[in-house]
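Chemist:
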Amino acid sequence: MPDATTEIARRRTFAIISHPDAGKTTLTEHLLRAGGAIQLAGNVRAKGDRRRTQSDWLKIERDRGISVVTSVMTFEYAGCVFNLLDTPGHEDFSEDTYRTLTAVDSAVMVIDAAKGIEARTRKLFEICRLRDIPIITFINKMDRESRDPIELLDEIASTLALDTTPVTWPVGRAAEFAGTYDLRKRAMHLTSELPQSDPRLQAVADEVDLVRSALPEFDLESFNAGHLTPVYFGSAIKDIGVSDLLDGLAEYGPVPRAQPGDKRTVEATEAGLTALVFKIQANMDPNHRDRIAFARVCSGRLTRGMRLKQVRTGKQIPLHAPQFFFAREREIADEAFAGDVVGIPNHGTLRIGDTLTEGEDIQFTGVPYFAPEILRRVRLDDAMKAKKLRQALVELAEEGVVQLFRPQDGSAPLVGVVGTLQLDVLQARLGAEYGVAIGFEASPFALARWIFSVDKAALAKFISENRSGMADDVDGDPVFLATSNFMMRRAEELAPALTFRDIKDIR
Ligand code: G4P
Numbered sequence: 117m118p119d120a121t122t123e124i125a126r127r128r129t130f131a132i133i134s135h136p137d138a139g140k141t142t143l144t145e146h147l148l149r150a151g152g153a154i155q156l157a158g159n160v161r162a163k164g165d166r167r168r169t170q171s172d173w174l175k176i177e178r179d180r181g182i183s184v185v186t187s188v189m190t191f192e193y194a195g196c197v198f199n200l201l202d203t204p205g206h207e208d209f210s211e212d213t214y215r216t217l218t219a220v221d222s223a224v225m226v227i228d229a230a231k232g233i234e235a236r237t238r239k240l241f242e243i244c245r246l247r248d249i250p251i252i253t254f255i256n257k258m259d260r261e262s263r264d265p266i267e268l269l270d271e272i273a274s275t276l277a278l279d280t281t282p283v284t285w286p287v288g289r290a291a292e293f294a295g296t297y298d299l300r301k302r303a304m305h306l307t308s309e310l311p312q313s314d315p316r317l318q319a320v321a322d323e324v325d326l327v328r329s330a331l332p333e334f335d336l337e338s339f340n341a342g343h344l345t346p347v348y349f350g351s352a353i354k355d356i357g358v359s360d361l362l363d364g365l366a367e368y369g370p371v372p373r374a375q376p377g378d379k380r381t382v383e384a385t386e387a388g389l390t391a392l393v394f395k396i397q398a399n400m401d402p403n404h405r406d407r408i409a410f411a412r413v414c415s416g417r418l419t420r421g422m423r424l425k426q427v428r429t430g431k432q433i434p435l436h437a438p439q440f441f442f443a444r445e446r447e448i449a450d451e452a453f454a455g456d457v458v459g460i461p462n463h464g465t466l467r468i469g470d471t472l473t474e475g476e477d478i479q480f481t482g483v484p485y486f487a488p489e490i491l492r493r494v495r496l497d498d499a500m501k502a503k504k505l506r507q508a509l510v511e512l513a514e515e516g517v518v519q520l521f522r523p524q525d526g527s528a529p530l531v532g533v534v535g536t537l538q539l540d541v542l543q544a545r546l547g548a549e550y551g552v553a554i555g556f557e558a559s560p561f562a563l564a565r566w567i568f569s570v571d572k573a574a575l576a577k578f579i580s581e582n583r584s585g586m587a588d589d590v591d592g593d594p595v596f597l598a599t600s601n602f603m604m605r606r607a608e609e610l611a612p613a614l615t616f617r618d619i620k621d622i623r
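For the sequence shown, the numbering used here begins at 117 and goes up steadily by one.
If you want it as C-alpha cells, here you go:
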C-alpha cells in the first residue's frame, strides 16, 4: 500500500488563471502532453469540434460555443501527480471559477507577452490573493512581437503589488525566440543548438546580469505566502518553456495545504479523511442524468467503499464509486489522497460547501457565495407548477447555478447571478430537466448583502423594520435587498450594529 505521507507530498493541485485568449487552452494541452496524457490533448481545445461534442455537457454550451463546466485533469510528471482544475473561460461563470480556486494549492497566471496584465487576469489574481494562493507566472506568446520582458516584470510588480523573480529568461524574441535560460540552474533549454557566437546568447548573458542585480532571488517562503511570483517565459503553442514550468511546480510547487475549519485547521497529512465539496455538476452524461459532487480531499486517504459523514446533516454517504476525471474520461478511483479531486455521484444529497469526514464534526470554511450583480424575478408561465419550480430552484441554487433569494413578504422568488449567461443556463435547465417554463422579470432590487450582527436584538429589529427588503438565501440566512447603492448606504448608516457583506462562506 502506498505511503500516504509520500503520496500527499507529491500532489500538485493547481488552476490556470488568465484573460481570454492569453493561451490557457493551448498551455493546458501542452501540460497534458508533457505529462504523457497525449490522447487527451485534443480534448481540451474548446474551439475544436471534438471537444465540442465531447465536453459540452449542456446544450447551451454547444449553442454558444463556450465551456460552462469545470473539470479536473490529472497527470503525472517528474514523480509528481498534477491535478489541474479547469475553470470556465467565460466571465459570466466567474463564481464557479472563484469556488474552484478555493480547491487549489497554487495557480499559474498566464499572461500574453504583447498585452501584459489584462482585466480578467487582475480580477482572478485578486481572488487568489484573498486566499493567499501562491502564483506562478507564465509569460506566453514569446514567439510573437512582445513587450520588453523587464517592462512586463515591472508591470506585474506595480499593478499587482507582487514581487517577481524570473526563473527563466527568453533567448531571442519573436520569430527569433529560440528557448529559455534557467537562471537558477544556469542551463540553456533551446529548441536547437546555437553557435557560441549567436548574438542572442550574448544578449541573454547581459540581460541576466542586469536582472540578477535588480530583482530579488527566488524565496520559497515569500512564494508560499503569495508575496512573490516566480516568472517563466515561453510559447505554449511552440511548446517552449512548458517543461520549465512543470519542473518548477514539481520542485517547489506547494504541496496540499492545511484547510481551515470552524473548529480547527486540518493538516493535509492527518490520517483521518476529510473532504470538501466545491462544485456540483449535473447531467454530465445526458444518458444517465447523474449529479456529481466534486470534492477536494483535504486530509488522509480516501478508499473506495468508505462511508463518510456529511457534517451538515449527519448523514452517512457511502462511496461506492468515487471517480477520477481525466478530461472527459472517468475512471473509478480506488484510492485518493489529500490534494486529489474526486467526483462523487449522488442524487442531490451533496451540495456546495459540504464537509465530509470519517466522523469528526468539523465544517470547512472558505467556499464563498458572492453577492450577485444582477437580480431578476422568476416568472412562472404555468401556475400549476409553482411547487415544482420551488423545488427546482432550491436544487439548482444548491448546485451553484444561480443564487436564490426568497423575499420575506412572500412575493415571487428572486434569482441572483454574476453574469447573464447564468440566467440562460437556469432557464434552459429548468425546461430540459424539470419541464418548467419560466421567464425573467425586472426586479425592483439592484443589490443584495448578507447581514450579520453579534447583537441579535439589533438584527431582529432591522429585519422587522425592513421586511419589504428582506429575503432568505438558500441556507435561510437573512439578506437585505436595496434598490440602489444610495439606499444600501443609507441602510448601513442607520444600522451601525450590523455588518453588510458582499461575500458569504457557504455552510
Ligand atoms: P485561451 O484558452 O486563454 O482563451 O487561449 P487559447 O489557448 O485558445 O489561445 C488563444 C489564441 O492564441 C489561439 O489562436 C492560440 O493558437 C494562440 N496562442 C496560444 N499560445 C500561443 C503562443 O505561445 N504563441 C502564439 N503565437 N499564439 C498562441 P486563435 O487563432 O485565436 O485560435 P486557433 O484558431 O489557433 O484555435
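Quick reminder that beta carbons are idealized off the backbone N, C-alpha and C, glycines included.
1) Helix, strand or coil for F241, going by three-state DSSP, please let me know.
2) Please report the straight-line C-alpha distance between A341 and G377, rounded to a whole angstrom.
3) Tell me whether D259 counts as near the ligand G4P, meaning its Cβ is closer than 8 Å to at least one heavy atom of that ligand.
4) Over what stretch of residues does the beta strand (DSSP E) that includes K395 continue unbroken?
5) If you measure from the CB of H135, is any heavy atom of the ligand G4P nearer than 8 Å?
6) How long is the line joining the alpha carbons of N256 and A138, rounded to whole angstroms?
7) Does DSSP put L614 in a helix, in a strand, or in coil?
8) Of all the options I124, A319 and L496, which has the alpha carbon lying nearest to the alpha carbon of F556?
9) So who's on the other strand from G555, going by DSSP bridges?
10) So, for G151: in the same chain, excluding its five sequence neighbours on each side, which residues have a beta-carbon less than 7 Å away from its beta-carbon?
11) Let's see if you can read the secondary structure: which residues bound the beta strand (DSSP E) around N199?
12) Would you check whether the ligand G4P has a heavy atom nearer than 8 Å to the C-beta of T307?
13) So which of V570, A230, G195 and G430 has the shortest CA-CA distance to D363?
14) Compute every distance between the C-beta of S701 and the non-hydrogen atoms of the ligand G4P, then say whether any falls below 8 Å.
15) Return helix, strand or coil for I132, following the three-state DSSP convention.
16) Nearest CA to the CA of E511: which residue from I396, V283 and A391?
17) Check each candidate in Q432, F480 and P434 and name the one with the smallest Cα separation from V382.
18) Going by DSSP, which residues form a beta bridge with Q432?
19) Please determine whether the Cβ atom of T253 lies at a distance below 8 Å from any heavy atom of the ligand G4P.
20) Does K140 pass the burial test, meaning 16 or more other C-beta atoms within 10 Å, or should it be called exposed?
21) Check whether the Cβ atoms of P346 and T281 sit closer than 9 Å, and answer yes or no.
22) Between I490 and A528, what straight-line distance do the alpha-carbon atoms span, to the nearest angstrom?
23) Within 8 Å, do at least three Cβ pairs link the segment 536-549 to the segment 575-594?
24) Please state the DSSP three-state secondary structure of N340.
25) Please name the residue, chosen from T307, H463, L505 and L299, that lies closest to S351 on a Cα-to-Cα basis.
26) Does the beta-carbon distance from L392 to D470 come in below 9 Å?
27) Specify the secondary structure class of P286 as computed by DSSP and reduced to three states.
28) I'd like to confirm something about K231: is its beta-carbon nearer than 8 Å to some heavy atom of the ligand G4P, or not?
29) Could you give the first and the last residue of the continuous beta strand (DSSP E) run that contains A598?
30) Identify, in the order they occur along the chain, each residue of the same chain with its Cβ nearer than 8 Å to the Cβ of K431, setting aside the five sequence neighbours on each side.
31) With a threshold of 8 Å (Cβ to nearest heavy atom), would L143 be considered close to the ligand G4P?
32) Which first and last residues belong to the alpha helix (DSSP H) in which G524 is found?
33) Taking V413 and D456 to be in contact with their CB atoms under 8 Å, please state how far apart those CB atoms are, rounded to whole angstroms.
34) Is the segment 512-525 touching the segment 533-541 in the sense that three or more CB pairs, one from each, lie closer than 8 Å?
35) Just mark G585 as buried or exposed, buried being the case when its beta carbon has 16 or more other beta carbons within 10 Å.
36) Would the beta-carbon of K239 be found less than 8 Å away from any heavy atom of the ligand G4P?
Modeler: On the basis of the data shown:
1) helix
2) 19 Å
3) yes
4) T390 to A398
5) yes
6) 7 Å
7) coil
8) L496
9) R495
10) F191, E192, Y193 and F198
11) C196 to L201
12) no
13) G195
14) Since the first residue of the chain shown is 117 and the last is 623, residue 701 is not available in this structure.
15) strand
16) I396
17) F480
18) K425
19) no
20) buried
21) yes
22) 16 Å
23) no
24) helix
25) T307
26) yes
27) strand
28) no
29) P594 to A598
30) K425 and T465
31) yes
32) According to the sequence displayed, residue 524 carries Gln and not Gly. Q524 -> no alpha helix (DSSP H), and no H or E assigned at all.
33) 5 Å
34) yes
35) buried
36) no
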